[in-house]
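FYI, this note's numbering numbers position 142 of the sequence shown as 142, with every residue one higher than the one before it.
Where a beta carbon is used, it is the ideal one built from N, C-alpha and C, also for glycine.
Okay, so here's the structure we're looking at.
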Amino acid sequence: MSREPQTQTSPRIPPQADPTGRGHTRVSATAPGPAGGTAGPDGAPWSLWLGRLLIAGLVLAALNLRPAITSLGALLEEVRDGLHMSGSLAGVLTSVPPLCFAVFGITAPRLARRFGPAAVVFAGMAAITAGLAVRPFTGGTWAFLAASALALMGIAVSNVLMPVIVKRYFPDRVGTMTGLYSMALALGTSLAAAATVPMTDALGGSWRTGLGVWAVLAALAAVAWLPLVRGRMRGAAAADGPAGRGAAGGADGNGGEARTLRITRSRTAWALGCFFGLQATGAYITMGWMPQIFRDAGVSAGTAGVLLAMTMVMGVPLAFVIPRLATRMKNQGPIVVALALCGLSGYAGLFFAPAQGAWLWALLLGVSNCAFPLALTMIGMRSRSSGGVVRLSAFAQSVGYLISIPGPTLVGALYQHSGGWGTPLALMAGLMVPQMIVGILAGRDRTIEDEV
1 MSREPQTQTS
11 PRIPPQADPT
21 GRGHTRVSAT
31 APGPAGGTAG
41 PDGAPWSLWL
51 GRLLIAGLVL
61 AALNLRPAIT
71 SLGALLEEVR
81 DGLHMSGSLA
91 GVLTSVPPLC
101 FAVFGITAPR
111 LARRFGPAAV
121 VFAGMAAITA
131 GLAVRPFTGG
141 TWAFLAASAL
151 ALMGIAVSNV
161 LMPVIVKRYF
171 PDRVGTMTGL
181 YSMALALGTS
191 LAAAATVPMT
201 DALGGSWRTG
211 LGVWAVLAAL
221 AAVAWLPLVR
231 GRMRGAAAAD
241 GPAGRGAAGG
251 ADGNGGEART
261 LRITRSRTAW
271 ALGCFFGLQA
281 TGAYITMGWM
291 PQIFRDAGVS
301 AGTAGVLLAM
311 TMVMGVPLAF
321 VIPRLATRMK
331 NQGPIVVALA
341 LCGLSGYAGL
351 FFAPAQGAWL
361 WALLLGVSNC
371 AFPLALTMIG
381 MRSRSSGGVV
391 RLSAFAQSVG
401 YLISIPGPTL
411 VGALYQHSGG
421 WGTPLALMAG
431 LMVPQMIVGI
441 LAGRDRTIED
451 EV
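What follows is the structure, given as C-alpha cells:
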C-alpha cells in the first residue's frame, strides 16, 4: 500500500509554455509567497486564499451537479399538472439527464483544450444558473425541456472536468480532493431531494418558486469560479489558454500525447466506462423505484421516502472515505467487490423480506451506490497526465451514461408485465455481477498510456 504524501493542499503549479518557441515546456520553480503561498509561473505569488478559493469552488460546483434533477423529481407531479404534460412526455423528461450527460460530456476535452478547464467549469456553472432560473417560468413543455437541457449541459461538462481539476491542481491529494467533491455532490443530491418540497411550501407553495430557488446556489458557484478564471489562474498557465494547452490537453505539459491517444483501444478505458455505466444504472434504478418496492411491501409512503433519503445520505460520509482509501491501494478491485456484495445483499433482502429488514436493505444499497465516487477516483488514477484524465473522464462518463439510459425504463416494463418485483430484482442483482467484473479490470494498477 502506498500513502498519499502529507503535503499542503495548495494548487499545483502547471507547466508554462516555453517562450523560445521550441515546443518544450518548463515548470516554474515555486518560491514562498505571502500567507504561506508559492510563486506562480508568471512570478506572481500564489497566496493561500487562492488555494482555498479553488477548494471552495470545487465544493460549490459539486453541490450543483444534481439539484437540477432531484429537485424536479420532488415536484414532478406539480410540474406535470402546471404544464399539462402527458405521462409519456414526463417519462422522456426523466430520461433526459443521462442522455445530456453522454452527449454534452464528450465535448468537454475540446472545450478544455481551447479555453482551459477552469473557464469551462465557470461556463458550466453559468449555464446551470441560467437554466434553473429560466425553466420554472417558461410557458410550455418544450421550453421547459430546453431550459432543463441548458442546465444539464452545464452539469455534463462540469461532471467531466471535476476529476481533471483535481488531477491538475492537487496531484498529491487526488483521494482527498475527490472525496471532498464527491461528498459535496452527494450532499447536494440529498439536500435538493429532501428540502425542495418544504422550501416550496415555505415560499408560498408555487412549484415555480420551489424549482427556481436552486438557481441561487448555482449563481454562488459561478461567482466563486469567476476570479479563478480572471485572476491569478489566468496567469497560472498558459495551460489554461490556447498558448499553452499542455495541462489541459497533454501529458506532462505536452499536448501531443493526449491528443493522439486512441482511447478506444484501451481495455482499461472500456472497463471503466462499463463500470461507470453499470453503477449509474443501479443508482438511477434505486432512486426511481426503491420507494415503490417498499410501498408495495406494505411500508407507508412517508417511511418509504425516508428510506430512500437514508440510502442517498449514505453517500455523504462514504464519498469522502472511499476515494482516500482507494488512492492508498495499488489495486481497487477489493473495494469494487465489497461494494458489489453490499448491493447483492440488499437486493436479496428486498426479494425475501422487503418490509421486515427495510432499514438494513436501504443501508446496504446506500453503501453499494458509493461505487460512483470510486469510479471518479479511478478516472484520476488511470492516467499519468491531466490531459489523459480529460480524455478518459469524457470517454468513461459518456459511455457510462449511455449504458445507464435504458435501465430504469426496463425495470418499469418488467414490473408492469410481471405484476411484481421478483423479475426486476433478479435483473438488478444480475447486473451487479458484470459490474464487479469490469470494476476489477478497471481497478488494476495500470494507465491508459501503457495500453495505447
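Requested in this report: Go ahead and label VAL216 buried or exposed: buried means 16 or more other beta carbons lie within 10 angstroms of its beta carbon, across all protein chains shown.
Outcome: exposed
Report task. Please name the residue in GLY380, VAL452, TRP289 whose C-alpha comes closest to that of GLY179. Result -> GLY380
Requested in this report: Output the residue ranges of the alpha helix (DSSP H) runs that lie fully inside the segment 111-162 and measure 4 residues or longer, sorted by chain position.
Outcome: 117-134
Query raised in the report: Does the Cβ of GLN397 have 16 or more other Cβ atoms within 10 Å, making it buried, or fewer, making it exposed?
Result: Classification for GLN397: buried.
Query raised in the report: Are there 16 or more other CB atoms within 10 angstroms of the CB of PRO97, so buried, or fewer, so exposed?
Result: buried
Query - Host alpha helix (DSSP H) of ASP201 (start-end) - result: 174-202
Query raised in the report: Near MET310, which residues of its chain fall below 8 Å by C-beta distance, leaving aside the five closest residues on each side in sequence?
Result: TRP359, ALA362, LEU363, GLY366
Query - Nearest neighbour of ILE335, chosen from SER385, ALA192, VAL399, GLY443 [CA to CA] - result: Minimum Cα distance to ILE335 is reached at GLY443.
Query raised in the report: Would PHE115 pass as a contact of MET153 if the rule is Cβ separation under 8 Å?
Result: Not a contact, by the Cβ cut-off of 8 Å.
**Report entry** Inter-residue CB distance, ASN369 and THR286 (contact presumed, cutoff 8 Å)
**Finding:** 6 Å
Requested in this report: Taking ARG52 as the reference, give the member of LEU228, VAL121, PRO373, ALA62 with the closest Cα.
Outcome: LEU228
Requested in this report: Label LYS330 either buried or exposed according to how many other C-beta atoms from any shown protein chain fall within 10 Å of its C-beta, with 16 as the threshold for buried.
Outcome: It is exposed - the Cβ of LYS330 has fewer than 16 other Cβ atoms within 10 Å.
Report task. Would you mind reading off the limits of the alpha helix (DSSP H) that contains VAL316? Result -> 315-327
Query raised in the report: Can you tell me where the alpha helix (DSSP H) with CYS342 in it begins and where it stops?
Result: 333-352
Query - Euclidean distance between Cα positions of ALA108 and GLN435 - result: 26 Å
Report task. Could you work out which residue in HIS417, SER418, ILE69, TRP49 is closest to PHE101 when comparing CA atoms only? Result -> ILE69
**Report entry** N-terminal and C-terminal residue of the alpha helix (DSSP H) that ASP296 is part of
**Finding:** For ASP296, the enclosing alpha helix (DSSP H) covers residues 267-296.
Query raised in the report: In three-state DSSP terms, what is CYS370?
Result: Judged by DSSP in its simplified three-state form, CYS370 adopts coil rather than helix or strand.
Requested in this report: For LEU203, count neighbouring Cβ atoms within 10 angstroms of its own Cβ and tell me buried if that reaches 16, exposed if not.
Outcome: exposed
Query raised in the report: Going straight from the alpha carbon of PRO354 to that of GLY346, what length do you get?
Result: 9 Å
Report task. Assign GLY443 to one of three DSSP states: helix, strand, or coil. Result -> In the structure shown, the three-state DSSP call for GLY443 is coil.
Query - Reduced DSSP category for GLY305 - H, G, I as helix; E, B as strand; rest coil - result: helix
Query raised in the report: Applying the criterion that 16 or more other CB atoms from any shown protein chain within 10 Å of the CB defines a buried residue, is SER266 buried or exposed?
Result: Taking a 10 Å sphere around the C-beta of SER266, we find 16 or more other C-beta atoms and assign the residue as buried.
Requested in this report: Give me the Cα-Cα distance between PRO11 and ALA151, rounded to the nearest whole angstrom.
Outcome: Confidence in PRO11 is poor, its pLDDT being 49 and thus under 50, which makes the residue's placement too unreliable to answer from.
Query raised in the report: In or out: GLY407 buried (at least 16 other Cβ within 10 Å) or exposed?
Result: buried
Query - For THR515, the three-state DSSP class (helix, strand or coil) - result: Nothing about residue 515 can be reported from this structure: the residues present for the chain run from 1 to 452 only.
Query raised in the report: Hey, ALA271 and VAL438: beta-carbon distance below 8 Å or not?
Result: yes
**Report entry** Where VAL223 sits in the DSSP three-state scheme
**Finding:** Assigned with DSSP and collapsed to three states, VAL223 falls in helix.
Query raised in the report: Are the beta-carbon atoms belonging to LEU72 and LEU211 less than 8 Å from one another?
Result: Result yes, Cβ atoms of LEU72 and LEU211 sit closer than 8 Å.
**Report entry** Cβ neighbours of LEU425 in the same chain (closer than 7 Å, five flanking residues each side left out)
**Finding:** Within the same chain, LEU425 has close Cβ partners TYR347, LEU350, PHE351.
Query raised in the report: Are there three or more Cβ pairs, one per stretch, closer than 8 Å when the segment 122-138 is compared with the segment 171-188?
Result: no
Query raised in the report: Which class does ILE106 belong to by DSSP, given the choice of helix, strand or coil?
Result: coil
Requested in this report: Note down, in chain order, each residue of its chain lying with its Cβ closer than 8 Å to the Cβ of THR268, except the 5 sequence neighbours on either side.
Outcome: ARG382, LEU441, ALA442, ARG444, ARG446, THR447, ILE448, GLU451
Query raised in the report: Secondary structure at GLY73, three-state DSSP: helix, strand or coil?
Result: In this structure, GLY73 counts as helix in the three-state DSSP scheme.
Query raised in the report: Cβ atoms of LEU185 and ARG66: under 8 Å apart, would you say?
Result: yes
Query - LEU261 (DSSP reduced to helix, strand or coil) - result: coil
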